[in-house]
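K.L.:
My numbering numbers the first residue of the sequence shown as 529 and each following residue consecutively.
Heads up, the beta-carbon is just placed ideally off N, CA and C, and yes, glycines get one too.
Take this structure, written in structure tokens, and hold onto it; I'll ask about it next.
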Amino acid sequence: MVSGVTTFSAMRAAERAAAVLDDGSFVPLTDASPEAGFIAGAGSLAGRPVLVALSDGHVRGGTIGVREASILAGLADKAASGRVNRRRPAALIIGFDTGGVRVEEGPRALAAASAVGVALARLTLIGTRLAGVISGPRGCFGAPAVMAALPERIVMTAGAHWGLTGPRLFAEAADSSAAQAALAATSAANRVSNGDAHAVVPDDVSAVRTQLCDFVARPGSDKRTLEQRLVASADIAAALRARLRESEAGAPPDAAPSRARRRDLLRFSFRGQWKPTGPIQRCGLVHAALGTLAGRPALGFIVGPEQVRGGVGIEEAAVVTDMLRLATQRRQPERAAILTFLFCQGHAVDLTQERFGLHRALAECLRGMVAARLLGHPIVSVLGGGTYGAAYLALAAPSHRILAMRGTSVAPMAPQVLRAFQALRGAKAGQEPEAQLAELIPDIHMVESVIRLPRVLREELTTLLATVRPEVHAA
């Protein structure tokens, strides 16, 4: 242990890496100075080669910007195909100590971080082992909270917090009882109780190291196919939904959303070429349907716009994963095209949703989408109005093509959460981050008007149907 440091969380990122790995084995692959808010490196753990990446909540809140995301993306690629000391790495270990995606860098940072989330989901599906440690002064919040739910083994230090929305950003947390409830919902104790994390350990280097040594010492045994992993994701999301519904039994239901717009959108966008075949699921903000598109199998999702409550929740995640399961299990000569129309304000900002693991449900959405992509299903997302944070990561980022209507906003935080965040920081007029527009993300294809959307969609799908093929299958 570093002299004078009594807890794992009090250490800087490079100190944590060096202390957890075998003595003298840590080799930084990036700047490892105390000023570095994110470090990556290689080393050994219990004699086995590993790669490590850690964010540092002591520096800029451990937030992830374009630079940090590019480092982690490169390390994920190295974990899948690289070598550590001439040996394939036994695991990639990620230390999460972050307040989220860097707001000041706007949509570019969200896009870069979301690409990392897709890469990490892919690692879990192709057999690369992944472990996560959540600790530090920040714990893990925002879109990175979804990424932190992907690893095979998740360890939290006592006192750490993990969730999508920071406890002080809930509108109802203005009074002390609500603030305490928010802290309890995101606590390490609740995460283990809910099954989100596998272990809570003392905030001590030796305790963290013991967990990680045990992880790499045990050989990976997950030999499930991609289709079986999709079933598992659907089962996890369904179980979270069942627990949520049980907790809300007797509560008045939300007003039923308007269905007319949802019913017509797929037909309008494809000029009558869309024909629903069923099943069809409507729940919360999502309308999902299996059908055919110009005679080919297709799966359509319409998410939003918000009617009563804002944001994607556990209910919507359960519908998405279940419909992905159905679409990929159907044995047909042609793989189903997956079309997502995303018109929502991000994830649900709700204490009950936090308590029952919304971040985990969205992680299974992300994993399911990536599995469908690996299986060769062409995926297209259409953004409209505004799409933010974890919703963008889980539902749009895994797509082969992302289209956006002109004027659509994309940002790390939904507007209402951003306002609370700025108020918490004491931001003044004139200190707003750059315009949060989809135009700032190079990979998004802008569509000038809804009139042009059907033609653009047909062109994109024609290209994808001719070029997309199954990628690497699970080990």
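(1) What distance in whole Å lies between the Cβ atoms of residue 674 and residue 891, which are believed to be in contact at a cut-off of 8 Å?
(2) Kindly give me the distance between the Cβ atoms of residue 615 and residue 577, rounded to whole angstroms, as I take these residues to be in contact under 8 Å.
(3) Name the residue from 901, 641, 619 and 886 whose alpha carbon lies nearest to the alpha carbon of residue 628.
(4) Any heavy atom of the ligand ZN closer than 7 Å to the Cβ of residue 629?
(5) Based on Cα-Cα distance, which residue from 993, 894, 707 and 624 lies nearest to residue 725?
(6) So, does the region 836-848 touch the region 962-977, judging by three or more C-beta pairs under 8 Å?
(7) Taking one C-beta from the region 660-669 and one from the region 850-857 each time, how about it: are there three or more such pairs within less than 8 Å?
(8) Is DSSP giving residue 587 helix, strand or coil here?
(9) Does the region 870-880 come close enough to the region 906-920 that 3 or more CB-CB pairs lie under 8 Å?
(10) By Cβ distance below 7 Å, which residues in the same chain neighbour residue 540 in space, the five residues on each side in sequence not counted?
(11) Cα-Cα, which of 566, 560 and 639 is closest to residue 937?
(12) In whole angstroms, give me the CA-to-CA distance for residue 635 and residue 939.
(13) In its own chain, which residues sit with a C-beta less than 6 Å from the C-beta of residue 762, not counting the 5 before and 5 after it?
(14) Expressed to the nearest angstrom, what Euclidean distance is found between the alpha-carbon atoms of residue 943 and residue 999?
(15) Is there contact between the region 673-692 and the region 709-728, where contact requires at least three CB pairs shorter than 8 Å?
(16) Are the beta-carbon atoms belonging to residue 886 and residue 841 less than 8 Å from one another?
(17) Pull the bridge partners of residue 910 from the DSSP assignment, please.
(18) Identify which residue in 590, 706 and 620 has its Cα closest to the Cα of residue 656.
(19) Name the residue from 652, 965, 574 and 609 whose alpha carbon lies nearest to the alpha carbon of residue 758.
(20) Considering only their Cβ atoms, is the gap separating residue 554 from residue 599 smaller than 8 Å?
(21) State the start and end residues of the unbroken alpha helix (DSSP H) segment that holds residue 887.
(22) Would the region 854-863 and the region 925-935 be scored as touching if the rule is three or more Cβ pairs under 8 Å?
(23) Any idea what DSSP makes of residue 675, helix, strand or coil?
(24) For the beta strand (DSSP E) that residue 949 lies in, which residues bound it at each end?
(25) Got a sec? Which residues, its chain only, sit under 6 Å from residue 864 by beta carbon, not counting five neighbours each side?
(26) For residue 642, which three-state DSSP category applies?
(27) Taking C-beta to C-beta, are residue 678 and residue 648 nearer than 8 Å?
(28) If you draw a straight line from the alpha carbon of residue 767 to that of residue 747, how long is it in whole angstroms?
(29) Could you give the C-beta distance for residue 843 and residue 769, rounded to a whole number, given that I count them as a contact under 8 Å?
(30) Under DSSP, the alpha helix (DSSP H) around residue 805 begins and ends at which residues?
(31) Where does residue 577 fall in DSSP's three states?
(32) Among 862, 608 and 980, which has the Cα closest to the Cα of residue 821?
(33) Starting from residue 682, follow the beta strand (DSSP E) in both directions and report where the run begins and ends.
(34) Find out if the Cβ-Cβ distance for the pair residue 898, residue 697 is shorter than 8 Å.
(35) At which residues does the alpha helix (DSSP H) containing residue 600 begin and terminate?
(36) Among the candidates 830, 544, 552 and 727, whose CA atom is the shortest distance from the CA of residue 680?
P.N.:
In brief:
(1) Taking the first residue of the sequence shown as 1, we reach residue 891 at position 363. Taking the first residue of the sequence shown as 1, we reach residue 674 at position 146. Their Cβ separation, rounded to whole angstroms, is 5 Å, which keeps residue 891 and residue 674 in contact under 8 Å.
(2) For the purposes of this step, residue 615 is taken as the residue at position 87 of the sequence shown. For the purposes of this step, residue 577 is taken as the residue at position 49 of the sequence shown. About 5 Å separates the two Cβ atoms, so the contact holds.
(3) The count along the sequence shown starts at 1 and reaches residue 628 at position 100. It is 641 whose Cα lies nearest to the Cα of residue 628.
(4) Because no ligand of any kind appears in the structure shown, any question about the ligand ZN cannot be addressed here.
(5) Counted from its first residue, the sequence shown places residue 725 at position 197. Among 993, 894, 707 and 624, the Cα nearest to that of residue 725 is on 624.
(6) Contact check between the region 836-848 and the region 962-977: fewer than three CB pairs, one atom from each, fall below 8 Å, which does not count as touching.
(7) In this structure the region 660-669 does not touch the region 850-857; the number of beta carbon pairs closer than 8 Å is below three.
(8) In the sequence shown, counting from the first residue as 1, residue 587 sits at position 59. In this structure, residue 587 counts as coil in the three-state DSSP scheme.
(9) yes
(10) Within the sequence shown, the letter at position 12 stands for residue 540. So the list reads 562, 584 and 586, once near-sequence residues are dropped.
(11) As a first step, residue 937 must be located in the sequence shown, where it is residue number 409. Nearest Cα to residue 937 within the set 566, 560 and 639: 639.
(12) If you number the sequence shown from 1, residue 635 lands on position 107. If you number the sequence shown from 1, residue 939 lands on position 411. Looking at the two C-alpha atoms, the distance is approximately 5 Å.
(13) In the sequence shown, the residue the question calls residue 762 occupies position 234. If we look at residue 762 and ignore the five residues flanking it on each side, its Cβ neighbours are 849, 850 and 853.
(14) Working through the sequence shown from its first residue, we reach residue 943 at position 415. Working through the sequence shown from its first residue, we reach residue 999 at position 471. One C-alpha to the other measures close to 37 Å.
(15) The region 673-692 makes contact with the region 709-728: 3 or more CB pairs, one atom from each, lie closer than 8 Å.
(16) The residue labelled residue 886 in the question sits at position 358 within the sequence shown. The residue labelled residue 841 in the question sits at position 313 within the sequence shown. Contact: yes.
(17) As a working mapping, residue 910 is identified with position 382 in the sequence shown. Paired residue(s): 869 and 931.
(18) Residue numbering aside, residue 656 sits at position 128 when the sequence shown is read from its first letter. Checking every option, the nearest Cα to that of residue 656 belongs to 620.
(19) Here the question's residue 758 lines up with position 230 in the sequence shown. Out of 652, 965, 574 and 609, 652 has the C-alpha closest to the C-alpha of residue 758.
(20) The residue labelled residue 599 in the question sits at position 71 within the sequence shown. The residue labelled residue 554 in the question sits at position 26 within the sequence shown. For residue 599 and residue 554, no; Cβs fall outside 8 Å.
(21) Within the sequence shown, residue 887 is the residue found at index 359, counting from 1. Note, residue 887: alpha helix (DSSP H), 886-902.
(22) In short, these stretches do not touch, since the Cβ pair count stays below three.
(23) On the sequence shown, residue 675 is found 147 positions in, with the first residue counted as 1. Residue 675: helix per DSSP, three-state reduction.
(24) Translated into positions along the sequence shown, residue 949 becomes position 421. From DSSP, residue 949 is part of no beta strand (DSSP E) but of the alpha helix (DSSP H) over 943-953.
(25) Within the sequence shown, residue 864 is the residue found at index 336, counting from 1. Excluding its 5 nearest sequence neighbours in each direction, residue 864 has C-beta neighbours in its own chain below 6 Å: 825, 826, 827, 855 and 905, listed in chain order.
(26) Indexing the sequence shown from 1 puts residue 642 at position 114. Three-state result, residue 642: helix.
(27) By 1-based counting over the sequence shown, the position of residue 678 is 150. By 1-based counting over the sequence shown, the position of residue 648 is 120. Against a cut-off of 8 Å, the Cβ pair of residue 648 and residue 678 comes out as a contact.
(28) Locating residue 767 in the sequence shown gives position 239, where the first residue counts as 1. Locating residue 747 in the sequence shown gives position 219, where the first residue counts as 1. Looking at the two C-alpha atoms, the distance is approximately 27 Å.
(29) What you label residue 843 is simply residue 315 of the sequence shown in a count that begins at 1. What you label residue 769 is simply residue 241 of the sequence shown in a count that begins at 1. Contact flag correct, Cβ pair sits at about 6 Å.
(30) Mapped onto the sequence shown, residue 805 falls at position 277. Bounds of any alpha helix (DSSP H) do not take in residue 805; it lies within the beta strand (DSSP E) bounded by 802-811.
(31) Reading the sequence shown from its first residue, position 49 is the one you call residue 577. Here residue 577 sits in strand by DSSP.
(32) Taking the first residue of the sequence shown as 1, we reach residue 821 at position 293. Checking every option, the nearest Cα to that of residue 821 belongs to 862.
(33) Residue 682 sits at position 154 when you count from the first residue of the sequence shown. Note, residue 682: beta strand (DSSP E), 681-685.
(34) Looking up residue 898 in the sequence shown gives position 370. Looking up residue 697 in the sequence shown gives position 169. No. Outside cutoff.
(35) As a working mapping, residue 600 is identified with position 72 in the sequence shown. 594-609 is the span of the alpha helix (DSSP H), which, as asked, contains residue 600.
(36) Residue mapping note: residue 680 aligns to position 152 of the sequence shown, counting from 1. Checking every option, the nearest Cα to that of residue 680 belongs to 727.
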